[in-house]
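Encoded as structure tokens, the structure appears first; notes follow it.
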Amino acid sequence: MEEDEQLSTLMRGLRGQNLRDSQFADDNVRLRLVEVSSTNNNEALPLVYSPEIISAYWGKRPRAVATRVVQLLSVAGGFISHLISDLINNKLKENEVARAIELREIVTSLGPAYIKLGQALSIRPDILSPAAMTELQKLCDKVPSFPDDIAMTLLEEELGRPWHEIYSELSPSPIAAASLGQVYKGRLKETGELVAVKVQRPFVLETVTIDLFIIRNLGLVLRRFPQVSIDVVGLVDEWAARFFEELDYVNEGENGTRFAEMMKKDLPQVVVPKTYQKYTSRKVLTTQWVEGEKLSQSTEDDVGSLVSVGVICYLKQLLDTGFFHADPHPGNMIRTPDGKLAILDFGLVTKLTDDQKYGMIEAIAHLIHRDYDAIVKDFVKLGFIPEGVNLDPILPVLAKVFDQALEGGGAKNINFQELAADLAQITFDYPFRIPPYFALIIRAIGVLEGIALVGDPEFAIVDEAYPYIAQRLLTDESPRLRSALRYTIYGKTGVFDAERFIDVMQAFENFIRAAKSGGGENLKGSMAELADIGAQPSTSLVPVPAFPMAISQPEQPVQARAALSFLLSERGDFFREFILDEIVKAIDAVSREQLIQISASFGFGNATPVFSMVPVRARALLPTITEEDRVILNNVEKVVKFLTAGNANPTTIDGDVNVVYLVQELLPVLPGISSKILPEVMSRLSSRVFARLIREAFL
């Protein structure tokens, strides 16, 4: 029971179920900052994280450091004494939760460095226990606002003129206040547009750097104690480099602009506030004002559709752009009055490598085929398992986890919550960890899923995620994903799997439907239009004169579906190769006479010479149907029935596969497609038959 509770706590922490998103601080919070009056001191501090420069700067100011230490001790003295006692008595692990609660209760008063560090640790199950993570997630970044006259003075210093020369109006008090700055609502004098104006809190850089100096030096001391397994210095350096980026509002504005650019073509229903660079500096950020309500609080009917858009948006960041919004919580997701999804606050982003992006998709392809040996190696590349660890004990555990996950109908029916929980469980007993970037992914998906489940108790995140992954496999031209796509369809054996082919195409169609939601279809988003490439009903079927059909012709023309439209487009070239190979094999499995008449029916009446050039026994031109041939024909039947939306009935009275009808049913779907596809089929078929005849001739 204790282990189950620990796992439940860990998943609540990973999924961000304790996040707070209020606009202001609790009444009893008082923020303590380090005030430095000399502007020369400010200039000497680095604008990009440099522990050496920070150390040199504050090393020359022992009085200021001593004042800050006294200030910290007055707030956190009890916590620090308890921590030292735990260290001496080797009870750090035992009392970790109690210390996390103490820290949460005092950290908001300590200043932005401690608030942000606490929030960063709240997604690090490799460093903190589940309960400690949960407590730190209750941290609120909202603090009391600083005086408005100071904010207006800073605005003038940063932008070079009084605020009323830039903004025709500005709210008399901030509408939100956080540890780094506070936000006003205003209107640009130049254009009349409503804007949000964020002004950085004074003395933030001084407070942050002196705190980093103190924490880092404490870390150097802790290195002398073998009981402390955490490298505090390394942790601080890793985190501080990214935190310094968040202090630069120019960088935040550029992040938002870059994100918007990445989304506008594929997902125009995702809105990112425009940054007004002319009125933005390192300490002032002016962005478009976005009207709306928190998605988590909206009662509109389209919330479910916007959640689907949000899932696609975050998966696109994760698996495509590699530029990930690293602060996913309900307060940063807004439903606009016109039914779009607005994403706010780009001060903190995570950048994923190609190895991480492609590695996750490769791992999913391996999962589909239960190739657990490959998955374990994928996890090493992705940072779940440390380099050099013996993989033998972990392999059977992961195999069991994934076997259970796949029991419900394969990868497309995996319960993401349960799988994430099972993987998290492994962290307790094996050298297996949840990397920080993946913890952010779990949180983003957890926030979206939590919103969706309010209106739809049956909502399953994998219903949204698997279609996006199928779309990535089908449309990405990188060699690694092309290889992953081929592996998905053919597996380790190299044998075409019609069921997998259909699964991927069905998932792709589901993705198209999701991409059209939230206004994506009306806004002409490129993802929503992936399959809108000439889909239309077929013309009447071409009769095959010498073939009295043993089946009745359909009265209604075949309706092209999104999957078929995609296959026949330029973007579907690579995937189309798979089914063309199978069609060629299927046609080769029927008689020469049928082949000639099929060719004649499509205007290739002179196909005979292609085969009569080969001087071999006539019977070699009439191949026997093997069991392998029947499997191939069955695969083609399944695929064609799927591509023609189940309208085809490709069997004879005797129950045999009628390839003539299959080809007729498939080719007329788009006007003129026979001229594009059939020559390629015939060329491949000629080569295949020629090679087979040569083999038979020498048997």
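Residue numbers (UniProt numbering): 1 to 699. Note that the Cβ used here is the ideal one computed from N, Cα and C, for glycine as well.
- With a cutoff of 9 Å on beta-carbon distance, S517 and L306 are scored as near each other.
- By DSSP's assignment, H325 forms a beta bridge with V349.
- By the neighbour-count criterion, in which a residue is buried when 16 or more other Cβ atoms sit within 10 angstroms of its Cβ, D266 is buried.
- For P162, the closest C-alpha among the options I215, K189 and P226 is that of K189.
- Taking C-alpha positions only, D378 is separated from A363 by approximately 6 Å.
- Judged by their CB atoms, I210 and R68 are nearer to each other than the 9 Å cut-off.
- Residue burial is scored here from C-beta neighbours: G186 has at least 16 other C-beta atoms within 10 angstroms and is therefore classed as buried.
- For E190, there is no enclosing alpha helix (DSSP H), as DSSP marks it with neither H nor E.
- Partner residues in the beta bridge of K294, as assigned by DSSP, are I334.
- According to the DSSP secondary-structure assignment, Q182 is paired through a beta bridge with A177 and V199.
- Under a 10 Å Cβ-count criterion, H366 is classified as buried, with 16 or more other Cβ atoms of the shown protein chains found around its own Cβ.
- Counting only the Cα atoms, R124 lies some 37 Å from I150.
- The C-alpha of I334 lies about 19 Å from the C-alpha of P174.
- F384 is not a Cβ neighbour of P467, given a cutoff of 9 Å.
- Assigned with DSSP and collapsed to three states, I150 falls in helix.
- K116 is classed as buried because its beta carbon has at least 16 other beta carbons within 10 Å across all chains shown.
- When DSSP states are grouped into helix, strand and coil, Y437 belongs to the helix group.
- Within the DSSP bridge table, the entry for L170 names G186 as partners.
- Per DSSP, the beta bridge partners of Q288 are V195.
- Per DSSP, I385 lies in no alpha helix (DSSP H) segment and is marked neither H nor E.
- Rounded to whole angstroms, the separation of the alpha carbons of L72 and A439 is 31 Å.
- A direct Cα-Cα distance of roughly 15 Å separates A460 from A421.
- Between E96 and S129 the beta-carbon gap is near 5 Å, inside 8 Å, which marks them as a contact.
- Under the three-state reduction of DSSP output, T257 falls in the helix class.
- DSSP places V232 in the helix class (H, G or I) of the three-state scheme.
- About 5 Å separates the beta carbon of V309 from that of L341, a gap short enough to meet the 8 Å contact definition.
- Sixteen is the threshold: when 16 or more other Cβ atoms of the shown chains lie within 10 Å of the Cβ of G111, as they do, the residue is buried.
- By a beta-carbon distance limit of 8 Å, L247 contacts V208. Their separation comes to about 7 Å.
- V232 is not a Cβ neighbour of L212, given a cutoff of 9 Å.
- If you check the CB distance, G181 and V199 come in under 9 Å.
- The bridge partners DSSP lists for V270 are L341.
- Taking 9 Å as the cut-off, the Cβ atoms of P273 and G256 count as close.
- Residue pairing of T275 in beta bridges, as defined by DSSP: T287.
- A straight-line Cα-Cα distance of about 26 Å links L319 and D302.
- Residue nearest to Y276 within the set P268, Q288 and Q269 is Q288 (criterion: CA-CA distance).
- At a Cβ-Cβ threshold of 9 Å, T191 and V271 do not count as neighbours.
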